[in-house]
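Report on one structure; see the data block that follows.
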Amino acid sequence: MNRTLLALLPALLLAASARAAAVPAALQGQWEYGYVSPIEYYDPSTGKYAEGSGTSEIIRIQADGSYERSGIIVVTTYSCTSKLLTTSRGKVSLKGNILTFTPTSVYNKGYTCSPSKSYETRELRNSVFTWKINGDTLALGDPKGESRDSLYNRPRTLGASAAGQKVRRVTGVLSLPEGHAAKGVAVIACRVDRGCGAEDGSVRFVNLTGSGRQQSFSLDDLDGVPYEILAWEDTNGSGQPDAGDWVDSASARGQSGVTVTPPVTEVFLKLEQWK
């Protein structure tokens, strides 16, 4: 079997094979909302410069349903600037079009008009939204319909042209044998320069849960460098790739997997049994 797949960390392998994704692949990864201006502005009513205003938040959702949220709110009115920094971690749950963030840790710190008037809160409180994805935009809404949706976008790389501002994502299709279920199969992306044994968080994977012989997959938040794309199902639950497991056709022949540099679409893998 190819050495790249053998180098995968046991913890990653167990996570990828032993449980189905808690959230759809399309929802996983990083989402960004809003903007806070780093530039001061001139207030003609006071003749002074004041800080800018804005709201920004980053949400990261993992395949197992864990999440991180971090945000900043800056409000400037005349000479009074108030700031609030928010962070939370926990689990997400879905029921139809309802998405619930259930925090296990929260830390908010802010001040009103002056840093000397600061405050902190650590209250654990669920956040409930409607959710809908349209392309690369995630809309989080009020279940009661009393406010407008907040629109989150995928992180984008900066380039000299619009063509350089693309989401770093790899999408494709995994073909399965007749009668073989996708549940338990993971599609994995490993940076070629770091390998599948990297402990720096660069390895990305998604668990498949659908039905049918053709399964779509999406791997997000990748770097703009070459990746090896693999597939693996730990059939006997050993936590190690061995005979009898189902892998991509290249791994089944002891070869390197498909190598691509994100963003890339239409990557095709075929699941075969390693003998």
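Heads up, the sequence shown is in my numbering, so the first residue is 847 and it goes up one at a time. Just so you know, even glycine gets a beta-carbon here, dropped at the ideal spot from N, CA and C.
Using beta-carbon positions only, say whether residue 909 and residue 974 come within less than 8 Å of one another. Taking the sequence shown and counting its residues from 1, the one referred to as residue 909 is at position 63. Taking the sequence shown and counting its residues from 1, the one referred to as residue 974 is at position 128. No, they are not a contact pair.
Hey, residue 1118 and residue 1098: beta-carbon distance below 8 Å or not? Translated into the one-based positions of the sequence shown, residue 1118 becomes position 272. Translated into the one-based positions of the sequence shown, residue 1098 becomes position 252. Against a cut-off of 8 Å, the Cβ pair of residue 1098 and residue 1118 comes out as a contact.
Determine the DSSP secondary structure at residue 873, reduced to helix, strand or coil. Numbered from 1 along the sequence shown, position 27 holds the residue referred to as residue 873. Here residue 873 sits in helix by DSSP.
Nearest CA to the CA of residue 932: which residue from 954, 1021, 911? Numbered from its first residue, the sequence shown carries residue 932 at position 86. It is 954.
Pop quiz: residue 1020 and residue 877 are said to be a contact at Cβ under 8 Å. What is the actual Cβ separation, rounded to whole angstroms? Position 174 of the sequence shown, counting from 1, holds the residue named residue 1020. Position 31 of the sequence shown, counting from 1, holds the residue named residue 877. No, residue 1020 and residue 877 are not in contact; Cβ-Cβ is about 25 Å, not under 8 Å.
If contacts are defined as beta-carbon pairs under 8 Å, then residue 907 and residue 875 qualify, I think. What distance do you get, rounded to the angstrom? Your numbering for residue 907 matches position 61 in the sequence shown. Your numbering for residue 875 matches position 29 in the sequence shown. Yes, residue 907 and residue 875 are in contact; Cβ-Cβ is about 7 Å, under 8 Å.
Alpha-carbon to alpha-carbon, residue 945 and residue 938: Stepping through the sequence shown from its first residue, residue 938 is reached at position 92. Stepping through the sequence shown from its first residue, residue 945 is reached at position 99. The straight-line gap from Cα to Cα measures roughly 7 Å.
Using 10 angstroms around the beta-carbon of residue 934, count the other beta-carbons present and answer buried if the total reaches 16, otherwise exposed. Residue 934 sits at position 88 when you count from the first residue of the sequence shown. So residue 934 counts as buried.
I'd like the list of long-range same chain contacts for residue 1121, defined as Cβ closer than 7 Å, with 5 residues on each side in sequence excluded. Taking the sequence shown and counting its residues from 1, the one referred to as residue 1121 is at position 275. Counting only Cβ-Cβ distances below 7 Å, and skipping sequence neighbours, we find 1089.
Tell me whether the beta-carbon of residue 903 lies closer than 8 Å to the beta-carbon of residue 879. Your numbering for residue 903 matches position 57 in the sequence shown. Your numbering for residue 879 matches position 33 in the sequence shown. Taking 8 Å as the Cβ cut-off, residue 903 and residue 879 qualify as a contacting pair.
Evaluate contact between the stretch 1074 to 1088 and the stretch 1033 to 1045, counting only Cβ atoms and requiring at least three cross-stretch pairs below 8 Å. yes
Could you tell me which residues DSSP puts in a beta bridge with residue 949? Residue 949 sits at position 103 when you count from the first residue of the sequence shown. Note: residue 949 sits in a beta bridge opposite 936.
I'd like to check one pair, residue 986 with residue 993: are the Cβ atoms closer than 8 Å? Along the sequence shown, read from residue 1 onward, the residue named residue 993 stands at position 147. Along the sequence shown, read from residue 1 onward, the residue named residue 986 stands at position 140. No; because the gap between Cβ atoms is not below 8 Å, this pair is not in contact.
Might you give, ordered along the chain, the residues of its own chain that have their beta carbon closer than 6 Å to the beta carbon of residue 1096, omitting 5 neighbours on each side? Residue mapping note: residue 1096 aligns to position 250 of the sequence shown, counting from 1. Here the set comprises 1103.
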